[in-house]
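Residue numbers (the working numbering): 25 to 288. All residues carry an ideal CB built from backbone N, CA and C; glycine is no exception. Below is one structure, written out as structure tokens; the observations come after it.
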Ligand code: PEP
């Protein structure tokens with residue numbers, strides 16, 4: 025089995041003023057200085073990104089959303105070139121909150137992924153089922169639809185774009201985030217998460233080939249904490265975490281990342 029470098033990204037959502045973000049990073053950056061075997065990022069509000077990317081270069085910075093058009097009449101959106109111009113590495117795409125509250129679809133998710141990969145930037149594409157979909161046993165169908173519709177919409181025929189040029193850091197990361205586990209304190213068990221990740225990797229293999237399926241990283245997201253990170257990260261198909269609530273305090277997130285990076 026191919027070993028994949030883990031990737032931990034904190035999703036601050038609509039939290040932190042510039043002053044709070046700066047105070048967080050002044051504590052967080054030195055605390056993760058010793059972690060060399062994993063990628064560590066934060067997804068912050070666009071308002072915060074320009075000054076954070078300049079001041080804290082040891083952290084990978086992500087936007088929480090990014091439009092597919094180069095520029096134009098898209099009020100409230102941000103483009104890849106705007107993000108790139110301030111050294112942002114990439115963006116989350118189709119987080120479940122955007123699917124539920126902002127009309128994000130699999131089609132628009134695919135368009136966003138295509139724009140990011142086309143600009144040589146990272147995309148973290150979020151997928152995951154609701155509680156009703158899990159309880160009714162339809163979760164694999166839901167994941168399959170989310171993946172196939174988004175991938176079809178990217179229009180990217182040659183998946184080398186998703187792999188990028190750095191063998192350890194493919195540009196595309198998938199995040200399996202069961203909606204019922206996000207912000208609820210009820211994380212998926214490591215067995216449930218592993219089963220879903222293996223399903224996603226199987227879909228990648230069938231549709232994009234063995235190399236892409238082995239190299240792309242699949243993060244787990246949904247109530248990851250210091251208490252469950254070891255067990256989740258020890259699963260063979262879990263390659264990191266996307267962390268909401270537990271990424272808001274610098275000391276806690278630094279500990280979580282340090283512990284998660286050690287798990288094999
Ligand atoms: C998220 O918002 O992506 C998330 C996983 O949140 P939490 O860790 O708070 O469940």
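Pairwise C-alpha distance: residue j and residue i
i, j, result
"residue 156", "residue 135", "27 Å"
"residue 140", "residue 185", "10 Å"
"residue 237", "residue 56", "29 Å"
"residue 207", "residue 76", "25 Å"
"residue 165", "residue 222", "14 Å"
"residue 97", "residue 38", "24 Å"
"residue 268", "residue 234", "31 Å"
"residue 239", "residue 256", "19 Å"
"residue 252", "residue 270", "12 Å"
Residues that residue i bridges to, as DSSP identifies them
i, result
"residue 166", "Partner(s): none; residue 166 has no beta bridge."
"residue 242", "198"
"residue 151", "200"
"residue 114", "86, 146"
"residue 63", "31"
Counted within 10 angstroms of its Cβ, other Cβ atoms place residue i as buried (16 or more) or exposed
i, result
"residue 209", "exposed"
"residue 49", "buried"
"residue 228", "buried"
"residue 61", "exposed"
"residue 275", "exposed"
"residue 41", "exposed"
"residue 126", "exposed"
"residue 230", "exposed"
"residue 43", "exposed"
"residue 82", "exposed"
"residue 79", "exposed"
"residue 131", "exposed"
First through last residue of the beta strand (DSSP E) which encompasses residue i
i, result
"residue 35", "30-35"
"residue 264", "264-267"
Residue i, enclosing alpha helix (DSSP H) - first and last residue
i, result
"residue 227", "214-232"
"residue 187", "184-187"
"residue 256", "253-257"
"residue 41", "No alpha helix (DSSP H) holds residue 41; DSSP gives it neither H nor E."
"residue 109", "104-109"
"residue 74", "73-79"
> Are the region 105-123 and the region 65-77 in contact at 8 Å, needing three or more beta carbon pairs?
Replying inline: yes
> For the region 100-108 against the region 143-161, are there 3 or more C-beta pairs whose distance is under 8 Å?
Replying inline: yes
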